[in-house]
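Novice:
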Amino acid sequence: MRDVKALIATVLVGLSLVAVAGSGETEREIAELVAGMSVREKLGQLKQGVLYTRKDVDCYLPIVRKGEVGSFIFNETLKREWRDELQKAALESPRRIPLSFADNIIHGWRTNFPIPLALSCSFEPELFEEMAHVGAREGREAGLDWTFGPMCDTARDPRWGRVAEGCGEDPWLNGVYAAAQVRGFQGEDASAPDRVAACVKHYCGYSFSMGGHDYNDADFSEWSLRNLHLPPFAAAIDAGALTVMSGFNTVDGVPVLASRRIMTDMLRGGLGFRGMVVTDYNAVIQTVTWGLAADEREAASLCLCAGNDVEMKSTAYDTLERELAEGRLDETVIDEAVKRVLRFKQAVGLFRRPWAIPEPDAEPRRREDAEALALARKCAVRSAVLVKNDGVLPLAADSDIRVALIGPLAEDRKTFVGCWAGMESHGPEVPESLADAVRRAMGGKGRLSVVRGCSTNVKPPVAKRDDGLPVLDRESVPDDASFDLEGAIAAAREADVVIFALGEALDWTGENASRCQLTPTGRQLELFEKVTSAIGKKRIVTLLISGRPLAVPVVSRRSDAVFVAFHGGDGGAFALADLIFGKASPSGRLTISVPYDVSQIPVFYNASVTGRPNQGHYLDTPERGAMYPFGFGLTYTRFAYSSVSIRGQSAVARITNTGTRPGEEVVQFYIRQRACSEGVRPKRELRGFRKVRLDPGESVLVEFPLDAKTLGYYDRSGNWRCDSGIYDIFIAPDSVSGTGVQFKWE
Ligand code: NOJ
47 MRDVKALIAT VLVGLSLVAV AGSGETEREI AELVAGMSVR EKLGQLKQGV
97 LYTRKDVDCY LPIVRKGEVG SFIFNETLKR EWRDELQKAA LESPRRIPLS
147 FADNIIHGWR TNFPIPLALS CSFEPELFEE MAHVGAREGR EAGLDWTFGP
197 MCDTARDPRW GRVAEGCGED PWLNGVYAAA QVRGFQGEDA SAPDRVAACV
247 KHYCGYSFSM GGHDYNDADF SEWSLRNLHL PPFAAAIDAG ALTVMSGFNT
297 VDGVPVLASR RIMTDMLRGG LGFRGMVVTD YNAVIQTVTW GLAADEREAA
347 SLCLCAGNDV EMKSTAYDTL ERELAEGRLD ETVIDEAVKR VLRFKQAVGL
397 FRRPWAIPEP DAEPRRREDA EALALARKCA VRSAVLVKND GVLPLAADSD
447 IRVALIGPLA EDRKTFVGCW AGMESHGPEV PESLADAVRR AMGGKGRLSV
497 VRGCSTNVKP PVAKRDDGLP VLDRESVPDD ASFDLEGAIA AAREADVVIF
547 ALGEALDWTG ENASRCQLTP TGRQLELFEK VTSAIGKKRI VTLLISGRPL
597 AVPVVSRRSD AVFVAFHGGD GGAFALADLI FGKASPSGRL TISVPYDVSQ
647 IPVFYNASVT GRPNQGHYLD TPERGAMYPF GFGLTYTRFA YSSVSIRGQS
697 AVARITNTGT RPGEEVVQFY IRQRACSEGV RPKRELRGFR KVRLDPGESV
747 LVEFPLDAKT LGYYDRSGNW RCDSGIYDIF IAPDSVSGTG VQFKWE
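When we follow our numbering, the leftmost residue of the sequence shown carries the number 47, and every step to the right adds one.
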């Protein structure tokens, strides 16, 4: 690595782009650099390669040496030696512009944190900030300077596997968490050795992929675009996000990355974004597959001119050289994009420090895994949502209690990691299984028996129609050799308390993992139903450990207590055991509605009242709305709310812990505008919350401001408006309870 050290010195002498981002000096240097670049070198800065194998590295090396690639995405394959080799080649290229290296840090890098959907239930943005900071530090150490996160798509359809990656169905809350993650990733200075650049994605509307199919059309109104999809991006951009990723989906019939209106007028004009835009994977060339662009050439021009700077994976931008030569493209469009790339590289410190941390020959940094694990555990504790408790929880730890832990997630150490884990640099397994954690929580007392009972990862049974086409075989059960009903029943009969650990297999959630059933995967539900029918009255606690809300009313009916936990990462099992045995108190609240049945989708709290609030419901079910609504969650104590009073420009309510244990309440502040001339506003909109910890008998006065920021909305031109008139104000424990008081805003 000595030659690398020498090279660094040469580069720094040759290229002085070390001034403060955005300063006049940097701008001048960037302009000079761009002025001296060939068209190929410029297009190189807009090209993002993907590295999967050694062969890819070998193919790219000669191109990098010519300065014709600007960045790489590792997509789960990060190898330090590849990075060093490629960076060395880039620094030997004519302009010696360093490469940037990116990957997805979605819920941690080396340390696995709860999936974002889980952590959003904590209602603690500080935890998102801390998680992102740890991910940034670990990612930097591995060689990344850029993460493709936060994802802030407001999602209402749990069939879409990527609900796991976002923060649920509320746009305002998604914005709060997106901003927190941007702060955590980038800090004050994204070039610091423990920070990376954030990339807020997927701009925009991707979560409305029709039917929950991934990569699909998203068809929604301007009203929704302004008030559901753009607000979280606005919050992340205000927090200083250096980059944005355009989405795969269409909006208003056009793949969003090809829409100049959305990518430039709204993003740069309306939202004031000044940074760099990267497309999603292969998205440029996919505009041809969609049927918009006629060929690669057209796709490239469309996407570049719409406002995308960097092309991820596909290489359609190579055709721009000819477009330029033949006078169909103005070179200043390319120059502006290249300048944004160079500013970005300057902002993440690549000109100053092109090597991964620790730099070659430096002292190895102290590994901070223990601290990170402690944070991951804390995050998991704060994420789990107790949705039912007939008084069975918490269990007494130091007793002779006999516990049967049943289900495929009982001893599984892979599933808890969540959808963006399993990367080479991640531990492929969490450190502790649920069985380990429950055993530890029982402290050597009582007896624990563990039965897996079945598998999570089982293909649905398929039959053939008369014409030979495959159909779901609804009469057969999935083929699962591990199905062990007898073992599960025997263990349950011997126990005082049965804990079911049910959920979804890892690869049934996340990207390209849509589902049309919201049930635990494989034969888990059958196992649950048969065991509970066979054992008679027992105390039953069920843990739902998934990447999306599961619609399983039978589980709620037959269980005395239920946790909606989602994939909780390295601390997921630890957290659930501590919560069950009262070593920790549940404090999470749902950020996505849990339906009774998949046929109700979409179910979300911030719907309109409609003109006929009491009509239009399904006739063939009495079920209305969500089984567990947005904002809902129980604790081991009880809280009473006083009625809301309006004091000047504030709404105030007193919250009292009326139970016998300390506990935490997420006090939620919702508004409703009674008459809005621009369009119909939802029956409730979250505009604030406070998480308060109260001892028994203790009370607190919680106050929320009533101002144009909390009461307003975006009109169809993207302007924030706050109309005078009547508003209902709610301070409530969730999105459906509480009574509103009226407030007049003049
Ligand atoms: C496709 C995904 O949509 C995006 O979220 C991710 O960042 C890229 N692939 C790169 O892995």
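The C-beta atom is built at its ideal place from N, Cα and C for all residues, glycine as well.
Is it the case that the Cβ atoms of P632 and A430 are separated by a distance below 9 Å?
Specialist: Yes. Within cutoff.
Novice: Using 8 Å for Cβ pairs, my map puts L92 next to E377. What's the rounded Cβ distance?
Specialist: Not quite, the Cβ-Cβ distance comes to about 13 Å (not below 8 Å), so this is no contact.
Novice: How do the region 238 to 249 and the region 392 to 405 stand: do at least 3 beta-carbon pairs fall below 8 Å, yes or no?
Specialist: Enough Cβ pairs lie closer than 8 Å, so yes.
Novice: Could you name each continuous beta strand (DSSP E) segment of 3 residues or more that falls completely within the region 697 to 744, going from the start of the chain to the end?
Specialist: Entirely contained in the region 697 to 744, the beta strand (DSSP E) runs reaching 3 residues are, in chain order, 709 to 719 and 731 to 740.
Novice: Between which residues of its own chain and K88 is the CB-CB distance below 6 Å, once the five residues before and five after are set aside?
Specialist: The answer, listed in chain order, is I380 and V384.
Novice: As an exercise, report each continuous beta strand (DSSP E) stretch of at least 3 residues that is fully enclosed by the region 413 to 496, in chain order.
Specialist: Those beta strand (DSSP E) runs which fall completely within the region 413 to 496 and span 3+ residues are 431 to 435 and 448 to 452.
Novice: Is the beta carbon of E550 less than 9 Å from the beta carbon of I591?
Specialist: Yes. Within cutoff.
Novice: Taking the alpha helix (DSSP H) that M177 belongs to, which residues open and close that run?
Specialist: Here the alpha helix (DSSP H) through M177 covers P171 to A188.
Novice: Please confirm whether any heavy atom of ligand 1 lies closer than 8 Å to the CB of H663.
Specialist: The answer is no for H663.
Novice: Rounded to the nearest angstrom, what separates T365 and I775 at their Cα positions?
Specialist: Rounded to the nearest angstrom, the two C-alpha atoms are 56 Å apart.
Novice: How many whole angstroms separate the CB atoms of G593 and A210, which I take to be in contact at a CB cut-off of 8 Å?
Specialist: Sure, about 4 Å apart at Cβ, within 8 Å.
Novice: Alpha carbon to alpha carbon, how far is T200 from V640?
Specialist: The straight-line gap from Cα to Cα measures roughly 15 Å.
Novice: Nearest to E792 by CA position, among S745, L757 and S781, is which residue?
Specialist: The residue with the shortest Cα to Cα distance from E792 is L757.
Novice: Identify whether F574 lies in helix, strand or coil by the three-state DSSP scheme.
Specialist: Reduced to three states, the DSSP call for F574 is helix.
Novice: Just to confirm, does E801 get its C-beta within under 8 Å of one of the non-hydrogen atoms of ligand 1?
Specialist: Look at the range of the chain in this structure, 47 to 792, and you will see that residue 801 is not part of it.
Novice: Per DSSP, which one or two residues make a beta bridge with P516?
Specialist: Looking at the DSSP assignment, P516 forms a beta bridge with K510.
Novice: With C-beta atoms as the reference, is V748 less than 9 Å away from A778?
Specialist: Result no, Cβ atoms of V748 and A778 do not sit closer than 9 Å.
Novice: Look up Q232 in the DSSP assignment and say whether it is helix, strand or coil.
Specialist: Here Q232 sits in helix by DSSP.
Novice: To the nearest angstrom, how far is it from the Cα of D265 to the Cα of G321?
Specialist: Cα to Cα, D265 sits roughly 27 Å from G321.
Novice: Since W791 is in the alpha helix (DSSP H), which residue starts that stretch and which ends it?
Specialist: Looking at the DSSP string, W791 is not in any alpha helix (DSSP H); the run it does join, the beta strand (DSSP E), is V787 to W791.
Novice: For R111, collect the residues of the same chain with a Cβ closer than 7 Å to its Cβ; drop the 5 residues on either side in sequence, then sort them by chain order.
Specialist: Excluding residues within five positions, the ones whose Cβ falls inside 7 Å are A135, E138 and S139.
Novice: Determine the closest residue to D799 out of D526, D753 and K510, with distance taken between C-alpha atoms.
Specialist: The first residue shown for the chain is 47 and the last is 792, placing residue 799 beyond what the model contains.
Novice: Is the beta carbon of T193 sitting closer than 9 Å to the one on A244?
Specialist: Cβ distance < 9 Å, so T193 and A244 count as in contact.
Novice: Does the separation of the CB atoms of Y32 and E724 fall below 9 Å?
Specialist: Only positions 47 to 792 of the chain appear in the structure, and residue 32 is not among them; the question remains open.
Novice: Would the C-beta of I119 count as close to ligand 1, meaning under 8 Å from any of its heavy atoms?
Specialist: Indeed, a heavy atom of ligand 1 lies less than 8 Å from the Cβ.
Novice: Between which two residues does the beta strand (DSSP E) holding D774 run?
Specialist: Where D774 is concerned, the enclosing beta strand (DSSP E) stretches over G771 to A778.
Novice: Do you know how far the Cα of T667 is from the Cα of A537?
Specialist: Taking the straight line from one Cα to the other gives about 36 Å.
Novice: If you measure from the CB of D98, is any heavy atom of ligand 1 nearer than 8 Å?
Specialist: The amino acid occupying residue 98 in the given sequence is Tyr; Asp does not appear at that position. No; taking the cut-off as 8 Å, the Cβ of Y98 has no heavy atom of ligand 1 nearer than that.
Novice: Do you know offhand how far L396's Cα is from L375's?
Specialist: Spanning the two alpha carbons is a distance of roughly 30 Å.
Novice: Among residues of its own chain, excluding the 5 on either side of A65, which ones have a beta-carbon nearer than 6 Å to its beta-carbon?
Specialist: Caution is warranted here: a pLDDT of 42 is assigned to A65, below 50, making its placement in the model unreliable, and no coordinate value can be reported.
Novice: Could you check whether C500 and S522 sit closer than 9 Å to each other, using their CB atoms as the reference points?
Specialist: No; because the gap between Cβ atoms is not below 9 Å, this pair is not in contact.
Novice: In chain order, what residues of the same chain lie with their CB nearer than 7 Å to the CB of G786, ignoring the 5 residues before and after it?
Specialist: Correct list, in chain order: R718, D774, I775 and F776.
Novice: For ligand 1, any of its heavy atoms closer than 8 Å to the Cβ of D149?
Specialist: Yes; taking the cut-off as 8 Å, the Cβ of D149 has a heavy atom of ligand 1 nearer than that.
Novice: In whole angstroms, give me the CA-to-CA distance for G185 and I152.
Specialist: Each residue's Cα considered, the two are about 11 Å apart.
Novice: Just mark V508 as buried or exposed, buried being the case when its beta carbon has 16 or more other beta carbons within 10 Å.
Specialist: Counting Cβ neighbours within 10 Å, V508 comes out exposed, since fewer than 16 surround it.
Novice: Which two residues bound the contiguous alpha helix (DSSP H) that contains D104?
Specialist: It spans R100 to R111 - the alpha helix (DSSP H) in which D104 sits, taken as one unbroken run.
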